[in-house]
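Enquirer: What the sequence shown shows, in my numbering, is residues 1409 to 1946, in sequence order.
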Amino acid sequence: MIQHEIQEICLNLRNPSTNIVIIPENQVKPEWRLPKLNHRFVTRSELDNMPENHICDVIGVLSFVGRVQRSKKKENREDFWSYRWIHITDGTSEQPFIVELFSTSQPEIFENIYPMTHFVCTQLKVVRNDTQVPKLLYLTTTNESRVFITRGQRGQSYACDAKVKNFIQWIKTKTDSEEVNAVIGGYYPYPPVPETFSKYSHHVKVESLLTAVSEVRKVIENLQYREQKRIAVQGIITVVKYARHNCATESASASETPRNDSQPSTSQAATGESHSQERDGKQHQDDRPINSQCFQTPSTSSSPSRKRRILQGTCAKPVAVPQPEASAQTKGNKPGTSITLQRREVTSVSIIRKARRTLTDRWESQLWRDKRFDLVDHLQYSRVYAESIPRKFNFEHRKFLTQQYNSQPAKYIPPEGKPPKLDEFRSALSLGHFEVTILGLNHEIAIDVAFLPMYSPEDVRTSQIDTLLTCMNYSCVYPREVNVNENLPGPKALAGDIIKAAAELDREHIIGILDICNLGDNKVEVCLQKIYTPKNIS
């Protein structure tokens, strides 16, 4: 490894103030005897063989730009590092560079990068761990890192590098249609945690290794704006609910503890403010299962028991229900059929559809039915906000999207015209998300969290991302090796697999790794990153 000597130059802020003049490279005189800038560019295909802590430079096009997040420099200090995760593609591999980009001496570039931009970053350090599953491999910036954003590399000191020239030739073959594969913002579960909890514990302080479910609210209340923290909690998975892609934004909680209309919810946001998340009567009807053998039969009366959306009977797992016909009327209907019968038929079909959706999209354990009424507290943090969902990048609205996933500006900038809404942009998550309820080991406190699996054949962020199914020793949501002619399973089939895998953990004690982020405006994101079962604790 080449060692560089670093000399610090102190500049006066005043009396007299420092005057810095940037000299173009073509005006540098030979008699100054300045050393040549030696760049060490590597391609993505070469990165796999680079040792840990190796210093290198990269060039490519941005395919994913994550949101700005913050982490404390020291645990008990109020100083923060601002950083974001980005993906850089150079055409030499199907896998992108994964870079942890910190905001240091170039905040104006850090806050204005977006996908489809030609990106150069120097003096990056390799971070890798080949013994971990999945393997850990990414780059992180150093104090000497410099960032360049440009459409053309002419005039730059690295323009004559052979690998830079190869990238320029490759980028000329690309078209604007590549925009469809570019993604911006959203929750990004990286770096992945190790395959066993014992390996995870090696990198965490003993006093902060496990967090009691009762202490999660306190952890959330202490988070500052855009601060992200990873914690581990113990409990039992009791409810899993699938939220489809079309309703994946700002959904309600996975499991609602029955309470009177006048009783406030025990869920609180970062400031401790209570939020009531009562559903209306229609939503309660939609979630009521009606299988006659395993579940409670729906009642048409408006009794108070309607608020108890519980799966009754001995059958607790989802049951496949044949899909009914789409039309409410049969072809054999006679003209004299009464309107009353037609309405009953439409109502019957509607109930069957609701039952099928409930049975295939939700699993609830018997333990939850027994304990949910006796809970002391129920923390409801499964709501998925617009800022948590990655979006397909739209070059026309690049300025708006960049602002949405940056931190709040120090000075108010009025919008130009009528800005669009973030919900109007297409989500990059084709699978939607899941709402998971974890019951504490004392059976007195429960917490609802969100799980956003990465599944999309065109999703550039799926690289090296672990999923819930792999945590459960189940088949992976995003297969690493798929034949060209093989069709990937659809989101609905994969959602059923995830719910089935969760049902197999009934009554098992698990350790869940949660990523918590304060999004601002009393919005808190709590996402399930990984599950450790008794088989992979040690």
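Backbone N, C-alpha and C define an ideal beta-carbon position, used for all residues, glycine too.
(1) What residue ranges within the stretch 1453–1489 form continuous beta strand (DSSP E) runs of no fewer than 3 residues, ordered along the chain?
(2) Can you have a look at S1663 and say buried or exposed, based on whether 16 or more other CB atoms are within 10 angstroms of its CB?
(3) Using a Cβ-Cβ cutoff of less than 6 angstroms, which residues in the same chain neighbour F1556 once the five nearest sequence positions on both sides are dropped?
(4) Alpha carbon to alpha carbon, how far is N1802 from I1939?
(5) Tell me whether S1609 sits in a helix, a strand or coil according to DSSP, three-state version.
(6) CB-CB under 7 angstroms to V1948, same chain, minus the five flanking residues each way: which ones, in chain order?
(7) From the DSSP output, read off the bridge partner residues of K1533.
(8) Strictly under 8 angstroms for the Cβ-Cβ distance: is W1776 near chain B by that measure?
(9) Comparing the CB of C1925 with every heavy atom of the ligand GDP, is any distance shorter than 7 angstroms?
(10) Look at the Cβ atom of E1502, then the Cβ atom of Y1546, and state whether they are nearer than 8 angstroms.
(11) When you compare the CB positions of Y1376 and I1907, do they come within less than 8 angstroms of one another, or not?
(12) With a threshold of 16 other CB atoms inside 10 Å of the CB of V1857, please say whether the residue is buried or exposed.
(13) Which residue wins for smallest C-alpha separation from I1463, given the options Q1540, V1469, N1446 and R1478?
(14) Just to check my reading of the structure: I1945 and V1934 have Cβ atoms closer than 8 angstroms, yes? What is that Cβ distance to the nearest angstrom?
(15) Am I right that S1511 and S1479 are in contact with their C-beta atoms under 8 angstroms? What's the rounded C-beta distance?
(16) Can you tell me where the alpha helix (DSSP H) holding K1582 begins and where it ends?
(17) Taking DSSP as the reference, what is the three-state secondary structure of A1567?
(18) For V1641 versus G1920, is the C-beta spacing smaller than 8 angstroms?
(19) Measure from the alpha carbon of P1542 to the alpha carbon of each residue in P1599, N1427, M1458 and D1769, then state which is nearest.
(20) To which residues does DSSP link Y1491 through a beta bridge?
(21) Note down, in chain order, each residue of its chain lying with its Cβ closer than 8 angstroms to the Cβ of L1977, except the 5 sequence neighbours on either side.
(22) Which one or two residues does DSSP pair with V1601 in a beta bridge?
(23) Between L1532 and the rest of its own chain, which residues show a CB-CB distance below 8 angstroms, the 5 nearest in sequence each way excluded?
(24) If you check the beta carbons only, do T1451 and D1498 fall under 8 angstroms apart?
(25) Based on the DSSP output, what are the partners of T1497 in its beta bridges?
(26) Would you identify the three-state DSSP class for R1554, choosing helix, strand or coil?
(27) Just tell me which of Q1937, L1927, L1849 and P1822 has its CA closest to the CA of H1841.
(28) If you compare alpha carbons, which of I1853, D1569, P1822 and I1496 is closest to S1453?
(29) Quick check on K1807: does DSSP put it in helix, strand or coil?
(30) Whole angstroms is fine: what's the gap from R1407's alpha carbon to I1797's?
(31) Taking only three categories from DSSP, how would you classify G1825?
(32) Quick test of your reading: G1957 and R1634, contact by CB under 8 angstroms. State the CB separation rounded to the nearest angstrom.
(33) Answer yes or no: do P1432 and S1471 have a C-beta to C-beta separation smaller than 8 angstroms?
(34) For P1861 and Q1564, what's the separation of their Cα atoms in angstroms?
(35) For S1675, does the three-state DSSP call read helix, strand or coil?
(36) Can you give the Cα-Cα distance for E1912 and V1647, rounded to whole angstroms?
Expert: If we stick to the structure as given:
(1) Taking only runs of at least 3 residues, the beta strand (DSSP E) segments lying wholly in the stretch 1453–1489 are 1463–1473 and 1477–1480.
(2) Within the sequence shown, numbered from 1, the residue matching residue 1663 stands at position 255. Because the pLDDT at S1663 is just 49, under 50, the model does not fix this residue reliably, and the point stays unresolved.
(3) The count along the sequence shown starts at 1 and reaches residue 1556 at position 148. Excluding sequence neighbours, F1556 sits near V1528.
(4) On the sequence shown, position 394 is the one that residue 1802 refers to. On the sequence shown, position 531 is the one that residue 1939 refers to. Their Cα atoms are separated by approximately 34 angstroms.
(5) On the sequence shown, residue 1609 is found 201 positions in, with the first residue counted as 1. S1609: helix per DSSP, three-state reduction.
(6) The structure shown has nothing for residue 1948, since the chain only spans 1409 to 1946.
(7) By 1-based counting over the sequence shown, the position of residue 1533 is 125. DSSP, once it has assigned bridges, lists I1463 and T1548 as partnering K1533.
(8) The structure shown contains no chain B; it holds only a single protein chain.
(9) Summarising the ligand content, the structure contains no ligands, and the ligand GDP is consequently not present.
(10) In the sequence shown, residue 1502 corresponds to position 94, counting from 1. In the sequence shown, residue 1546 corresponds to position 138, counting from 1. With respect to the 8 angstroms criterion, E1502 and Y1546 are not classified as neighbours on the basis of their beta carbons.
(11) The displayed coordinates of the chain run from 1409 to 1946. Any statement about residue 1376 would go beyond what the structure contains.
(12) Reading the sequence shown from its first residue, position 449 is the one you call residue 1857. Buried, because 16 or more other Cβ atoms sit within 10 Å of the Cβ of V1857.
(13) Along the sequence shown, read from residue 1 onward, the residue named residue 1463 stands at position 55. Residue N1446 is the option with its Cα nearest to I1463.
(14) Walking along the sequence shown from the start, residue 1945 turns up at place 537. Walking along the sequence shown from the start, residue 1934 turns up at place 526. Here I1945 is actually not in contact with V1934; their C-beta atoms are around 22 angstroms apart, not less than 8 angstroms.
(15) Sequence index remark: in the sequence shown, residue 1511 carries index 103 (1-based). Sequence index remark: in the sequence shown, residue 1479 carries index 71 (1-based). Incorrect: roughly 12 angstroms between the Cβ atoms, too far for contact.
(16) Within the sequence shown, the letter at position 174 stands for residue 1582. Where K1582 is concerned, there is no enclosing alpha helix (DSSP H), given that its DSSP letter is neither H nor E.
(17) Counting from 1 along the sequence shown, the entry for residue 1567 is found at position 159. In the structure shown, A1567 sits in coil (DSSP, three-state: anything other than H, G, I, E or B).
(18) For this step, residue 1641 is matched to residue 233 along the sequence shown. For this step, residue 1920 is matched to residue 512 along the sequence shown. Yes. Within cutoff.
(19) Position 134 of the sequence shown, counting from 1, holds the residue named residue 1542. If we check each option's Cα against that of P1542, P1599 comes out closest.
(20) One-based indexing of the sequence shown puts residue 1491 at position 83. Residue pairing by DSSP places Y1491 opposite Q1477 and F1510 in a beta bridge.
(21) Residue 1977 is absent from the structure shown; the chain starts at 1409 and stops at 1946.
(22) Translated into the one-based positions of the sequence shown, residue 1601 becomes position 193. According to the DSSP secondary-structure assignment, V1601 is paired through a beta bridge with no residue.
(23) Indexing the sequence shown from 1 puts residue 1532 at position 124. Counting only Cβ-Cβ distances below 8 angstroms, and skipping sequence neighbours, we find I1463, C1464, D1465, V1466, V1507, L1547, T1548, T1549, T1550 and S1553.
(24) On the sequence shown, residue 1451 is found 43 positions in, with the first residue counted as 1. On the sequence shown, residue 1498 is found 90 positions in, with the first residue counted as 1. With respect to D1498, T1451 sits close: the two C-beta atoms are nearer than 8 angstroms.
(25) If you number the sequence shown from 1, residue 1497 lands on position 89. Within the DSSP secondary-structure output, T1497 pairs in a beta bridge with V1469.
(26) As a position in the sequence shown, residue 1554 is number 146, starting the count at 1. Correct three-state label for R1554: coil.
(27) In the sequence shown, the residue the question calls residue 1841 occupies position 433. Comparing Cα-Cα distances from H1841 to each of Q1937, L1927, L1849 and P1822, the minimum goes to Q1937.
(28) Counting from one through the sequence shown, the residue named residue 1453 turns up at place 45. For the residues I1853, D1569, P1822 and I1496, the minimum Cα distance to S1453 belongs to I1496.
(29) Indexing the sequence shown from 1 puts residue 1807 at position 399. Under the three-state reduction of DSSP, K1807 is assigned to helix.
(30) Residue numbering for the chain in the displayed model covers 1409 to 1946; residue 1407 lies beyond these limits and cannot be assessed.
(31) Indexing the sequence shown from 1 puts residue 1825 at position 417. Coil.
(32) Nothing about residue 1957 can be reported from this structure: the residues present for the chain run from 1409 to 1946 only.
(33) Position 24 of the sequence shown, counting from 1, holds the residue named residue 1432. Position 63 of the sequence shown, counting from 1, holds the residue named residue 1471. Taking 8 angstroms as the Cβ cut-off, P1432 and S1471 do not qualify as a contacting pair.
(34) Taking the sequence shown and counting its residues from 1, the one referred to as residue 1861 is at position 453. Taking the sequence shown and counting its residues from 1, the one referred to as residue 1564 is at position 156. So the two alpha carbons sit approximately 41 angstroms from each other.
(35) To locate residue 1675, count along the sequence shown from 1; it is residue 267. With a pLDDT of 39 at S1675, under the threshold of 50, the modelled position of that residue is not reliable, and the figure given next carries that caveat. S1675 falls in the coil class under three-state DSSP.
(36) Counting from one through the sequence shown, the residue named residue 1912 turns up at place 504. Counting from one through the sequence shown, the residue named residue 1647 turns up at place 239. If you draw a straight line from the Cα of E1912 to the Cα of V1647, it comes to about 12 angstroms.
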